[in-house]
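These notes are about the structure you will find just below.
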Amino acid sequence: MTNTESMPSVPEPSGLRPTRQRTAVAEALTRTGDFRSAQEIHDLVARTGEKVGLATVYRTLAALAEAGVVDVLRTEEGESLYRQCVATHHHHHLVCRDCGATVEIEGPAVETWAAAVAREHGYTAISHELELFGTCPRCAGA
1 MTNTESMPSV PEPSGLRPTR QRTAVAEALT RTGDFRSAQE IHDLVARTGE KVGLATVYRT
61 LAALAEAGVV DVLRTEEGES LYRQCVATHH HHHLVCRDCG ATVEIEGPAV ETWAAAVARE
121 HGYTAISHEL ELFGTCPRCA GA
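The sequence shown: position 18 = 18 (full-length UniProt numbering), numbered continuously.
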C-alpha cells in the first residue's frame, strides 16, 4: 500500500470528473493540514513528480472551494490560502499571524447579527466570511 492509498482523499464534488490533475491537487491538500497558497500547493504536487500547471491548480481549488470541500482563507494582505475543509458546517477561523496555526470557530453572535442586519435592510440569501487574526499562545510565549 502506498502512502496516498492509506490517506483519506478529498471528496470530489458532484459534477466534476476526477481527473489526474484534480486527484493530485486533492492528495496534496490531504497531505498538509494547514492553509497553503495555490503556489505552495502547486509546489507540493510538483514534488511528487506530477505535471500540473499552476492555472489548473487555481481552477481546481476554486471548484473545490465552491463545492465546500476546501476552506479558503484570505489573509490580511489579501492572499487566498486553501486547506481541506475539516468542519461540515459554516464556521470561521482564528489564525495566528506568526505561525499560521488555525482554529475553526463558531460565531453564533455573528450569525445572529448578520441575519438581523439583512432583515433590517430587506436582504435575503445573505452570506458572509469572517477571519480573526492574532497571536497564538505558543508564539506569544516565544
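Just so you know, even glycine gets a beta-carbon here, dropped at the ideal spot from N, CA and C. Being a predicted model, the structure only gives us computed values, none of them experimental.
| Item | Value |
| --- | --- |
| Alpha carbon to alpha carbon, what distance is there between residue 120 and residue 98? | 38 Å |
| Opposite residue 37 in the DSSP bridges: which residues? | 81 |
| Closest by CA to residue 133, which one among 36, 75, 61? | 75 |
| Based on the DSSP secondary-structure assignment, which residues constitute the bridge partners of residue 96? | 134 |
| So who's on the other strand from residue 104, going by DSSP bridges? | 93 |
| Please state the DSSP three-state secondary structure of residue 52. | coil |
| Between the segment 24–34 and the segment 44–59, can you find at least three pairs of beta-carbon atoms closer than 8 Å? | yes |
| Going by alpha carbons, who is nearest to residue 130 out of 124, 140, 142, 113? | 113 |
| Please identify the residue among 51, 23, 35 whose C-alpha is closest to the C-alpha of residue 71. | 35 |
| Identify every residue that forms a DSSP beta bridge with residue 45. | DSSP output for residue 45 lists no bridge partner at all. |
| Got a sec? Which residues, its chain only, sit under 7 Å from residue 84 by beta carbon, not counting five neighbours each side? | 10, 29, 30, 70 |
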